[in-house]
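Residue numbers (the working numbering), protein chains in the order written: chain A, 27 to 231; chain B, 27 to 231.
For reference, the structure is listed below as structure tokens.
2 protein chains.
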Amino acid sequence: MTKRQEEVLGFIEDFVKERSFAPILQEICDHFGFKSPNAASDHLKALAKKGYVAWSPNSPRSIQLLVRRAGRPGRTDMVTVPLLGRIAAGHPIFALENVEDHLELPRQLFRGRKLFALKVQGDSMTGAGIFEGDLAILAAQPDFENGQIAAVVVDEEATLKRLYRTSRGLRLKAENPAFPDRVVSSEAARSCRLAGILVGTIRRF
Amino acid sequence: MTKRQEEVLGFIEDFVKERSFAPILQEICDHFGFKSPNAASDHLKALAKKGYVAWSPNSPRSIQLLVRRAGRPGRTDMVTVPLLGRIAAGHPIFALENVEDHLELPRQLFRGRKLFALKVQGDSMTGAGIFEGDLAILAAQPDFENGQIAAVVVDEEATLKRLYRTSRGLRLKAENPAFPDRVVSSEAARSCRLAGILVGTIRRF
DNA sequence: TTGAATACTGTAAATGGTTACAGTAGGATC
DNA sequence: GATCCTACTGTAACCATTTACAGTATTCAA
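Encoded structure:
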């Protein structure tokens with residue numbers, strides 16, 4: 027592949043990436059300043075001959091890219107956030123068996139380093155604007171500050187609650203009058219692990 | 027989306043999956059046995075109006091799928107979503123002077139193509155779990171379906187409300203008993219523009 | 001130094017594909 | 001009973017896009 031052909035192929039790749047369909051000959055010409063559609067056509071014939079692209083005769087925008095080349099570097103720094111399902115009490119939170127899916131999110135969107143996501147179940151936090159089906163984004167952290175919302179693993183289950191330290195132990199407060207507070211004594215607190223604190227929510231309509 | 031429209035959309039998805047470019051109208055017609063290209067054209071117009079596809083006029087094979095339904099792998103490409111501030115009634119929504127900031131989001135996180143964001147002000151939609159300070163992600167669309175939450179520009183201001191078509195005009199319903207409904211008559215509807223429909227929210231704690 | 005490939009310009013024909021306009025029929029809504 | 005939306009048929013105009021044909025200049029290998 028010549029240098030020029032590589033440039034043309036690169037342009038087509040970029041075009042497809044951005045618009046999700048291939049350019050017409052004229053658009054290739056416009057980009058490079060060619061004054062005849064045959065300039066683009068010639069390049070495509072060469073690329074087809076060498077196996078980089080294919081297209082159907084008489085069909086606009088039918089160019090197919092046949093070779094996947096090294097991807098260009100992305101500008102935004104992304105984090106892959108695991109969407110966790112059931113969190114078993116005995117297992118480490120990030121165990122592979124817990125991972126149901128992955129989200130790719132821009133790193134700077136939410137604060138915190140070790141991020142993970144949970145799908146909200148139940149209505150215990152509706153008072154804080156957190157509803158069933160929301161994605162809760164959490165930062166894995168060993169500690170919390172009074173009044174923060176966090177995911178706590180108690181009895182083999184992860185629940186989202188507002189946390190307070192009290193003289194009698196840990197207080198888990200739901201943001202919904204229908205759900206009573208729950209106090210975990212300091213002794214029992216060993217069977218109760220802080221999974222992470224809430225840094226954000228995402229809801230899709 | 028009607029059953030037939032879903033079938034057409036499904037065919038386009040399959041076609042793109044297999045051949046990596048969109049079909050022409052005639053190919054859609056061939057598949058369904060339509061005898062006029064307008065049959066396919068009509069379906070596409072309906073799908074476009076509802077935000078499922080987009081295409082460029084006079085451009086063969088330029089149909090873009092806007093909603094990711096079946097869990098396609100696809101690498102994460104990003105959209106730059108403008109965070110809009112004050113939306114002046116006379117100006118185009120995307121006017122540069124409106125843009126306060128930009129968000130980089132994974133394209134497949136929210137459906138819709140022309141995305142923009144607004145910072146929620148006020149408590150009129152708390153019943154729908156939308157609170158002051160939330161980022162509302164909206165898709166610019168010319169039309170809506172009954173009951174959808176949308177940003178409407180009335181009197182130089184953008185408000186988020188649930189929309190209904192009624193015999194007397196457009197009904198803007200707040201999701202908070204403290205805020206009364208508002209009905210915009212068909213005549214006054216000219217001074218009231220649909221900016222976009224709500225596709226998601228993001229909250230940062 | 002000849003031939004073959006690359007890298008284009010320029011014009012025009014041919015055709016592929018979209019769109020416009022007109023119309024039919026059924027179902028839903030009010 | 002009027003009106004609107006869906007779901008098509010049919011014809012034809014319009015134009016977008018490809019392709020054919022003819023030609024120039026440069027590079028590179030045999």
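Ideal Cβ positions, reconstructed from N, Cα and C, are used throughout, including at glycine.
Would a C-beta distance cut-off of 8 Å place Phe58 (chain B) and Arg87 (chain B) closer than the cut-off? No, they are not a contact pair.
Can you pull the chain A neighbours of Phe170 (chain B), defined as C-beta to C-beta under 9 Å? For Phe170 (chain B), no chain A residue has a Cβ inside 9 Å of its Cβ, as the nearest lies near 12 Å away.
Give, in chain order, every residue of the region 144 to 167 of chain B whose Cβ lies closer than 7 Å to some Cβ of chain A. Result list: Gly155, Phe157.
Residues sharing a beta bridge with Arg219 (chain B), DSSP: Beta-bridge pairing links Arg219 (chain B) to B:Val179.
Start and end of the alpha helix (DSSP H) containing Phe60 (chain A)? Per DSSP, Phe60 (chain A) belongs to no alpha helix (DSSP H) and is neither H nor E.
Cutoff 8 Å: Glu126 (chain B) Cβ touching any chain A Cβ: Not a single CB atom of chain A sits nearer than 8 Å to the CB of Glu126 (chain B).
Against Ile175 (chain A), what residues of chain B qualify as contacts under a CB-to-CB distance less than 9 Å, listed in chain order? Result: Phe231.
Under 8 Å between C-beta atoms, does Gly222 (chain B) make it to chain A? It does not; no Cβ of chain A falls within 8 Å.
Look up Tyr190 (chain B) in the DSSP assignment and give the residues it is bridged to. DSSP, once it has assigned bridges, lists B:Arg197 as partnering Tyr190 (chain B).
Residues near Cys218 (chain A) in its chain [Cβ-Cβ closer than 8 Å; skip 5 each side]: Counting only Cβ-Cβ distances below 8 Å, and skipping sequence neighbours, we find Val178, Val179, Val180, Leu196, Val210.
Kindly indicate if chain B contains any beta-carbon less than 8 Å away from that of Ser88 (chain A). Taking Cβ atoms only, chain B reaches closer than 8 Å to Ser88 (chain A), which makes this a yes.
Could you compute how far the alpha carbon of Asp149 (chain B) sits from the alpha carbon of Gln174 (chain A)? Looking at the two C-alpha atoms, the distance is approximately 22 Å.
Since Lys140 (chain A) is in the beta strand (DSSP E), which residue starts that stretch and which ends it? For Lys140 (chain A), there is no enclosing beta strand (DSSP E), since its DSSP letter is neither H nor E.
Is Gly138 (chain A) close to chain B, meaning its C-beta is less than 8 Å from at least one C-beta of that chain? Not flagged as an interface residue toward chain B: Gly138 (chain A), since no C-beta distance is shorter than 8 Å.
Is there contact here, the region 34 to 48 of chain B with the region 187 to 194 of chain A, by at least three beta-carbon pairs under 8 Å? No, because fewer than three Cβ pairs between the region 34 to 48 of chain B and the region 187 to 194 of chain A fall closer than 8 Å, the two stretches do not touch.
Min CB distance Ser211 (chain A) to chain B below 8 Å: Chain B, which has no Cβ nearer than 8 Å to the Cβ of Ser211 (chain A), makes this no.
Minimum Cβ-Cβ distance from Phe205 (chain A) to chain B less than 8 Å: At a cut-off of 8 Å between beta carbons, Phe205 (chain A) makes no contact with chain B.
Taking 8 Å as the cut-off, does the region 147 to 163 of chain B touch the region 152 to 171 of chain A (at least 3 CB pairs, one atom from each stretch)? Cβ pair count under 8 Å is three or more, so yes.
Flag this pair as yes or no: are the beta carbons of Ile223 (chain B) and Phe170 (chain B) separated by less than 8 Å? Taking 8 Å as the Cβ cut-off, Ile223 (chain B) and Phe170 (chain B) qualify as a contacting pair.
Can you give me the start and stop residues for the alpha helix (DSSP H) that Asp127 (chain A) sits inside? Counting along the chain, Asp127 (chain A) falls outside any alpha helix (DSSP H), though it belongs to the beta strand (DSSP E) covering 125 to 132.
For Arg137 (chain B) and Leu92 (chain B), which I take to be in contact (beta-carbon distance under 8 Å), what is that distance rounded to the nearest angstrom? For Arg137 (chain B) against Leu92 (chain B), the beta-carbon gap comes to about 7 Å, under 8 Å, which counts as contact.
Quick one, which residues of the region 46 to 60 of chain B are near chain A if we go by CB-CB under 9 Å, in chain order? Listed by position along the chain: Ser46, Phe47, Ala48, Ile50.
Where does Lys43 (chain B) fall in DSSP's three states? In this structure, Lys43 (chain B) counts as helix in the three-state DSSP scheme.
CB contact below 8 Å: Leu131 (chain B) versus chain A: Judged by the 8 Å Cβ criterion, Leu131 (chain B) is in contact with chain A.
Three-state secondary structure (DSSP) of Thr185 (chain B): Correct three-state label for Thr185 (chain B): strand.
Please state whether DSSP places Lys29 (chain B) in a helix, a strand or coil. Correct three-state label for Lys29 (chain B): helix.
On a CA-only basis, which of B:Asn84, B:Leu110, B:Ile54, B:Ser62 is nearest Glu183 (chain B)? Give me that one, please. Residue B:Leu110 is the option with its Cα nearest to Glu183 (chain B).
Would you tell me roughly how many angstroms separate the C-alpha atoms of Arg229 (chain A) and Met151 (chain B), rounded to the nearest one? Distance between Arg229 (chain A) and Met151 (chain B), taken at the CA atoms: about 14 Å.
Check whether the Cβ atoms of Glu126 (chain B) and Thr106 (chain B) sit closer than 8 Å, and answer yes or no. Cβ distance not < 8 Å, so Glu126 (chain B) and Thr106 (chain B) don't count as in contact.
To the nearest angstrom, report how far apart Thr28 (chain B) and His69 (chain B) are at their CA atoms. Rounded to whole angstroms, Thr28 (chain B) to His69 (chain B) spans 10 Å at the Cα level.
Between the beta-carbon of Ala166 (chain A) and the beta-carbon of Ala204 (chain A), is there less than 8 Å? At least 8 Å separates the beta-carbon of Ala166 (chain A) from that of Ala204 (chain A).
Short CB-CB distance (under 8 Å) between Gly111 (chain A) and chain B: With 8 Å as the cut-off, Gly111 (chain A) does not count as an interface residue toward chain B.
Phe231 (chain A) beta carbon less than 8 Å from that of Gly226 (chain B): Against a cut-off of 8 Å, the Cβ pair of Phe231 (chain A) and Gly226 (chain B) comes out as a contact.
Tell me, please, whether the CB atom of Thr260 (chain B) is closer than 8 Å to any CB atom in chain A? As shown, chain B starts at 27 and ends at 231. That puts residue 260 (chain B) outside it, with no answer to give.
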